[in-house]
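To keep things clear, I will list the structure first and then write my remarks on it.
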């Protein structure tokens, strides 16, 4: 009987070590991807961190359960990893993008899904590739993947609002920093066609807490 408990105790300890090692390997993969993105375009890397912070605040304001908060955390951090496939003249070029260049830039959502689908995410984070890839989808269905309204995961709609808000408030060489009120007004103009109004409300609540 004693040997039975010793054996099963040893087995449980081995399984725990394996889980920890797998978690470390997963986190190392995420860090490696972020390092690649940072080397390619430091601005995009910094943007991803800001989007992550905003998205988490929105998700908390919407009372998402802990397991979905983790999906938001990783999807937000990795949502722009597909930009490694965007040509330099578009990714790091100065000035406003042309319509053609904007179309090329928007393809990074598909690249994001292709890249993240190669990672063996833990079961609880299996939705990260789809959520991250959906951050440019629009409620009216005119986004890169053609998803509309409820077809777009809530977490992707959260990322979309955080992404647009950060882009509007970040300093750029070709536009001035916008006031919070102006930014929220612009988000409201996109509500219903591009962005989810419920998520915009959650962002406003989070920012005023």
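Residue numbers (the working numbering): -9 to 199.
Backbone N, C-alpha and C define an ideal beta-carbon position, used for all residues, glycine too.
Quick caveat, the model's predicted, so the values are computed rather than measured.
Legend entry - Contiguous beta strand (DSSP E) assignments of at least 3 residues, all confined to the region 76 to 149: Within the region 76 to 149, not a single complete beta strand (DSSP E) segment reaches 3 residues in length.
Inset, instruction - Grab the span of the alpha helix (DSSP H) containing residue 56 for me, first residue to last. - result: In the DSSP annotation of this structure, the continuous segment of the alpha helix (DSSP H) that includes residue 56 starts and ends at 56 to 68.
Legend entry - Strand pairing of residue 185, partner residues [DSSP]: Residue 185 is bridged by DSSP to 181.
Legend entry - Cut-off 7 Å between Cβ atoms - residues of its own chain near residue 107, not counting five sequence neighbours on either side: Here the set comprises 119.
Inset, instruction - On a CA-only basis, which of 34, 27, 197 and 61 is nearest residue 157? Give me that one, please. - result: Measuring from the Cα of residue 157, the nearest candidate turns out to be 34.
Legend entry - Three-way DSSP call (helix, strand, coil) for residue 22 in this model: The answer is helix: DSSP assigns residue 22 an H, G or I state.
Inset, instruction - May I ask which residues mark the beginning and end of the alpha helix (DSSP H) holding residue 48? - result: In the DSSP assignment, residue 48 falls within the unbroken alpha helix (DSSP H) covering 32 to 51.
Inset, instruction - Report yes if the CB atom of residue 17 is closer than 7 Å to the CB atom of residue 38, and no otherwise. - result: Taking the C-beta atoms as reference points, residue 38 is found no nearer than 7 Å to residue 17.
Inset, instruction - Evaluate the contact criterion for the region 92 to 105 versus the region 145 to 159: three or more CB pairs, one atom per stretch, below 8 Å. - result: Output reads no: the region 145 to 159 does not touch the region 92 to 105.
Legend entry - Touch test, the region 167 to 183 against the region 123 to 133, Cβ-Cβ under 8 Å, three pairs minimum: Yes: the two stretches touch, three or more of their Cβ pairs being nearer than 8 Å.
Inset, instruction - Would you mind sorting residue 26 into buried or exposed? The rule is 16 or more other CB atoms within 10 Å of its CB. - result: With fewer than 16 Cβ atoms within 10 Å of its Cβ, residue 26 is classed as exposed.
Legend entry - residue 144 to residue 77 span [Cα, whole Å]: The alpha-carbon atoms of residue 144 and residue 77 are separated by roughly 30 Å.
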